[in-house]
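J.: One structure is given below, represented as structure tokens, and several questions about it will come after.
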């Protein structure tokens, strides 16, 4: 019954649960990598197995965890925020989930083949990924699994765009939508810009492997062609992962600052600017190839930091002189702010070609990437879980366990990845399975592995939390946090099948706040 449902909330829960399961699988692979790197010499894996593990770790975390996680949150929350009864294409919604699940399993199934899973890195650079250098069938499974899963993501993007444009409740104008919904809209537009080129590149690569079509033949520049196609997907993809989670942060700050979001229109404009610029920065992954107009891509990469800075300004402005309360969701988004800020700063360093030449393909880049993506996706994911858990299940998660969860994860994460910046500057290359004792990397790798253990342990309080609160009393009010402003706080916890028993009047961008605090909105003069 669950697997044939067309209810957007059920499908959203499926997406959230499945992507969280992939998160745990990807995390186990990451622990294997960290265990291998703790000391010089080969301990657990052969170098070939190591390559398979980091390839699948990257693929799972980006395309099986982070992207579908956005679809999960968008499915559950976005129709509620615009006052729709469901999404525009409910059955296509279910199909998207099936394609994602099936594609993910196909890609992961490479581990069951004789040659093992794909081992060419998650970027699959040609000619390494062709039939000569990667003969195993695991590589073919990886390519086709990603193509199938990507189709599901494209359909989801079309669905969300149609829903937001055509299914809004009366009075819900574009500039009364909540910020999260705006971010879902722009992310979905980026999905239908970025995923088709990836699908085309993957099918072309498979055609090379099966039929010898020589599209990515190094003799005629095919190696560079793959990089252009892949990063033209890969860079918008980074913002596909970031924007929805920026949106979650923008939902949570106003509630726990007890005041409206600061600079609503500026925040929307910054989101549009990030989406527009994200398709013009892809070649900053290719500075060292010598085939890139460095001033242009460097300038664009610096430029995209500006709207991101505007968002920071808005978030800090929202908290400024608010009556802050530090419940669990607020702590998580502040952790997101701190971590993402550090990741953004190293990003500005990498945007400068001379500095990038020095640390390109080293652990400095790995550290930057994890600060940006883990800092955004994982911190904001848990913020969203703690924030919307009462709306999704009707029960509040335990605050004390939530704070233990946050601090173990925060300390574990920074212990793991902060030191990797220095590893990279000292010259430890990414993707290496082994190093010499005389290199002097050993103690840093040990610290990093120690941190990753703490990071893994931090999942235990969360699991306990979910388990013990499944029987706790239901929340009585529609708005358990007390100051929710967007429309999902104007219906019951959890919402009925078609979301609203009666639709409140929508007169501002804070419809639920107007409904739940009528005297307040009279004072503010709505």
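Numbering (our numbering), first residue to last: 584 to 1109.
Here a beta-carbon is modelled for each residue, glycine too, at the ideal position from N, C-alpha and C.
Note that the coordinates shown come from a computational prediction; the quantities given were computed from them, not determined experimentally.
1. Count the other CB atoms within 10 Å of the CB of residue 757; is the residue buried (16 or more) or exposed (fewer)?
2. When the cut-off is 7 Å and only beta carbons count, does residue 704 lie next to chain B?
3. With 16 as the cutoff for other CB atoms within 10 Å, does residue 844 come out buried or exposed?
4. Leaving out the 5 sequence neighbours to the left and right, which residues in its chain are closer than 6 Å to residue 649 when beta-carbon positions are compared?
5. For residue 936, which of helix, strand or coil comes out of DSSP?
6. Which of the three DSSP states is assigned to residue 588 in this structure?
7. Compare the Cα-Cα distances from residue 851 to each of 834, 864, 979 and report the closest residue.
8. Please report how far the alpha carbon of residue 741 lies from the alpha carbon of residue 916, in whole angstroms.
9. How would you call residue 1085, buried or exposed, if buried means at least 16 neighbouring beta carbons within 10 angstroms?
10. Would residue 936 and residue 886 be called neighbours here (beta carbons separated by less than 7 Å)?
11. According to DSSP, what are the bridge partners of residue 732?
12. What does DSSP give as the partner residue(s) for residue 1012 in the beta ladder?
13. Confirm, please, whether the CB-CB distance from residue 1002 to residue 1030 is below 7 Å.
14. To the nearest angstrom, how far is it from the Cα of residue 702 to the Cα of residue 723?
15. For the segment 1012 to 1021 against the segment 930 to 945, are there 3 or more C-beta pairs whose distance is under 8 Å?
16. Using 8 Å as the cut-off, can you tell me whether the segment 620 to 627 makes contact with the segment 1021 to 1035, which would need three or more C-beta pairs spanning the two stretches below that distance?
17. Comparing alpha-carbon positions, which option in 1041, 588, 1058 lies nearest residue 678?
18. Check residue 674 in the structure and name its three-state DSSP category.
19. Quick check on residue 953: does DSSP put it in helix, strand or coil?
20. Rounded to whole angstroms, what's the CA-CA distance from residue 862 to residue 975? Just pull it up for me.
21. Since residue 971 is in the alpha helix (DSSP H), which residue starts that stretch and which ends it?
22. In this structure, does DSSP put residue 667 in helix, strand or coil?
23. Which whole-angstrom value is the C-beta distance of residue 668 and residue 1081, which I expect to be below 8 Å?
24. For the candidate residues 1035, 973, 993, 988, whose alpha-carbon lies nearest to that of residue 1060?
25. Since residue 930 and residue 955 should fall inside the 8 Å C-beta cutoff, what is the C-beta to C-beta distance between them, to a whole number of angstroms?
26. Count the other CB atoms, across all protein chains shown, that sit within 10 Å of the CB of residue 964; report buried if there are 16 or more and exposed otherwise.
27. Identify every run of the alpha helix (DSSP H) within the segment 1023 to 1098, keeping only runs that are complete inside it and at least 4 residues long; order them along the chain.
28. The alpha helix (DSSP H) with residue 633 in it runs from where to where?
29. How about residue 860: is its Cβ closer than 6 Å to a heavy atom in the ligand NAD?
30. Give me, in chain order, the residues of the same chain whose beta-carbon lies closer than 7 Å to that of residue 939; leave out the 5 immediate sequence neighbours on both sides.
31. What number of angstroms, rounded off, separates the C-alpha of residue 1057 from the C-alpha of residue 793?
32. Using a Cβ-Cβ cut-off of 7 Å (strictly less than) and excluding sequence neighbours within five positions of residue 660, which residues of its own chain qualify?
33. Buried or exposed for residue 979, going by 16 or more other Cβ atoms inside 10 Å?
34. Rounded to whole angstroms, what is the Cα-Cα separation between residue 1109 and residue 1090?
35. Just to confirm, are residue 1113 and residue 732 a CB contact at a threshold of 7 Å?
T.: Working from what's here:
1. On the chain shown, position 174 is the one that residue 757 refers to. Exposed is the call here.
2. Structure shown: chain B not included; a single protein chain is present.
3. Within the chain shown, the letter at position 261 stands for residue 844. With 16 or more Cβ atoms within 10 Å of its Cβ, residue 844 is classed as buried.
4. Numbered from 1 along the chain shown, position 66 holds the residue referred to as residue 649. Closer than 6 Å at Cβ, skipping near neighbours: 824, 960.
5. The sequence position of residue 936 within the chain shown is 353, counting from 1. Three-state DSSP puts residue 936 in a helix.
6. In the chain shown, residue 588 corresponds to position 5, counting from 1. Of the three classes helix, strand and coil, the one that applies to residue 588 here is coil, per DSSP.
7. Translated into the one-based positions of the chain shown, residue 851 becomes position 268. Answer by Cα proximity: 834.
8. In the chain shown, counting from the first residue as 1, residue 741 sits at position 158. In the chain shown, counting from the first residue as 1, residue 916 sits at position 333. Using only the alpha carbons, I get a separation of about 29 Å.
9. Taking the first residue of the chain shown as position 1, residue 1085 is located at position 502. Classification for residue 1085: exposed.
10. Reading the chain shown from its first residue, position 353 is the one you call residue 936. Reading the chain shown from its first residue, position 303 is the one you call residue 886. In this structure, residue 936 keeps its C-beta atom at 7 Å or more from the C-beta atom of residue 886.
11. Translated into the one-based positions of the chain shown, residue 732 becomes position 149. Per DSSP, none; premise fails for residue 732.
12. In the chain shown, the residue the question calls residue 1012 occupies position 429. The partner list for residue 1012 (beta bridge, DSSP) reads 945.
13. By 1-based counting over the chain shown, the position of residue 1030 is 447. By 1-based counting over the chain shown, the position of residue 1002 is 419. In terms of Cβ geometry, residue 1030 and residue 1002 form a close pair [threshold 7 Å].
14. By one-based count along the chain shown, residue 702 stands at place 119. By one-based count along the chain shown, residue 723 stands at place 140. Distance between the alpha carbons of residue 702 and residue 723: 11 Å.
15. Segments in contact, yes.
16. yes
17. If you number the chain shown from 1, residue 678 lands on position 95. Comparing Cα-Cα distances from residue 678 to each of 1041, 588, 1058, the minimum goes to 588.
18. On the chain shown, position 91 is the one that residue 674 refers to. DSSP places residue 674 in helix when its eight states are reduced to three.
19. Start at 1 with the first residue of the chain shown, and residue 953 comes out as number 370. Under the three-state reduction of DSSP, residue 953 is assigned to helix.
20. Taking the first residue of the chain shown as position 1, residue 862 is located at position 279. Taking the first residue of the chain shown as position 1, residue 975 is located at position 392. Taking the straight line joining both Cα atoms gives about 34 Å.
21. Locating residue 971 in the chain shown gives position 388, counting from the first residue. Its alpha helix (DSSP H) spans residues 962 to 976.
22. For this step, residue 667 is matched to residue 84 along the chain shown. In this structure, residue 667 counts as coil in the three-state DSSP scheme.
23. Taking the chain shown and counting its residues from 1, one reaches residue 668 at position 85. Taking the chain shown and counting its residues from 1, one reaches residue 1081 at position 498. Their Cβ separation, rounded to whole angstroms, is 4 Å, which keeps residue 668 and residue 1081 in contact under 8 Å.
24. As a first step, residue 1060 is located in the chain shown; it is residue number 477 there, counting from the start. The residue with the shortest Cα to Cα distance from residue 1060 is 973.
25. Within the chain shown, the letter at position 347 stands for residue 930. Within the chain shown, the letter at position 372 stands for residue 955. Indeed they touch by this definition, with Cβ atoms about 6 Å apart.
26. Indexing the chain shown from 1 puts residue 964 at position 381. It is buried - the Cβ of residue 964 has at least 16 other Cβ atoms within 10 Å.
27. 1025 to 1040, 1042 to 1051
28. By 1-based counting over the chain shown, the position of residue 633 is 50. First-last of the alpha helix (DSSP H) with residue 633: 630 to 642.
29. Among the ligands in the structure shown, none appear at all, so the ligand NAD cannot be discussed.
30. On the chain shown, position 356 is the one that residue 939 refers to. Contacts found: 870, 933.
31. Counted from its first residue, the chain shown places residue 1057 at position 474. Counted from its first residue, the chain shown places residue 793 at position 210. C-alpha of residue 1057 to C-alpha of residue 793: approximately 56 Å in a straight line.
32. Sequence index remark: in the chain shown, residue 660 carries index 77 (1-based). Correct list, in chain order: 763, 971, 1071.
33. Position 396 of the chain shown, counted from the first residue, corresponds to residue 979. Its Cβ being crowded by 16 or more others within 10 Å, residue 979 is buried.
34. Numbered from 1 along the chain shown, position 526 holds the residue referred to as residue 1109. Numbered from 1 along the chain shown, position 507 holds the residue referred to as residue 1090. Residue confidence for residue 1109 is low, a pLDDT of 48 falling below 50, so the modelled location carries little weight; the figure read from the coordinates is stated next. About 7 Å.
35. Past the boundaries of the shown model lies residue 1113; the chain is included only from 584 to 1109, so the question cannot be answered.
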